[in-house]
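Residue numbers for the sequence shown follow the working numbering, beginning at 301 and rising by one.
Glycine is no exception: its CB is placed at the ideal position from the N, C-alpha and C atoms.
Notes follow once the structure below has been shown.
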Amino acid sequence: MTRAGKPRPTLLALWLLLAVACKPSGDGVIALEGATLLDGSGGEPVKDALILVKGGHIQAVARVNEVEVPRGAQVVNLIGKTIVPGLIDAHAHVERWAGERYLAWGVTTVRDLGASSTDSSIALK
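Below you can see the structure in the form of structure tokens.
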């Protein structure tokens, strides 16, 4: 500041530049690192996998250090864990209480063969 109490333009510009430069650039990216990935294609498991997720959508799948993790991304260490695609149960009898259990078991898609109408199954969505 000058003696008159007015900020110097150079200091103000420097302060603004620093404020912009310090902003994290991860933009909501989640990096899942180090797990073994079974991608469902029948290929060999991918050891030390890296999966980048942004806005709920997978942006990249590679091995750790093959793709750069954006600065500021939330990094989840999954060493010793295994990642598989969501499983499908093609013959189920769905009850209202079962949804959370299916998800806990890795089942993301269920075909209810015991429902008397499709209305009850659609209501559970």
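Roughly how many angstroms separate the alpha carbons of Val384 and Val353, rounded to a whole number? Within the sequence shown, residue 384 is the residue found at index 84, counting from 1. Within the sequence shown, residue 353 is the residue found at index 53, counting from 1. Put simply, the backbone Cα of Val384 is about 15 Å away from that of Val353.
Touch test, the segment 396-409 against the segment 357-370, Cβ-Cβ under 8 Å, three pairs minimum: no
Can you tell me whether Ala373 is buried or exposed, with buried defined as 16 or more other CB within 10 angstroms of its CB? The count along the sequence shown starts at 1 and reaches residue 373 at position 73. With 16 or more other Cβ atoms within 10 Å, it is buried.
Determine the direct distance from the alpha carbon of Ile351 to that of Lys381, and round the result to whole angstroms. Here residue 381 corresponds to residue number 81 of the sequence shown, with the count starting at 1. Here residue 351 corresponds to residue number 51 of the sequence shown, with the count starting at 1. Cα to Cα, the separation comes out at about 13 Å.
Work out the CA separation of Ala349 and Ala335 for me, nearest whole Å. On the sequence shown, position 35 is the one that residue 335 refers to. On the sequence shown, position 49 is the one that residue 349 refers to. Ala335 and Ala349: Cα-Cα distance of roughly 5 Å.
In the DSSP assignment, what are the bridge partners of Glu333? Within the sequence shown, numbered from 1, the residue matching residue 333 stands at position 33. According to DSSP, which records beta bridges pairwise, Glu333 is partnered with Leu350, Asn377.
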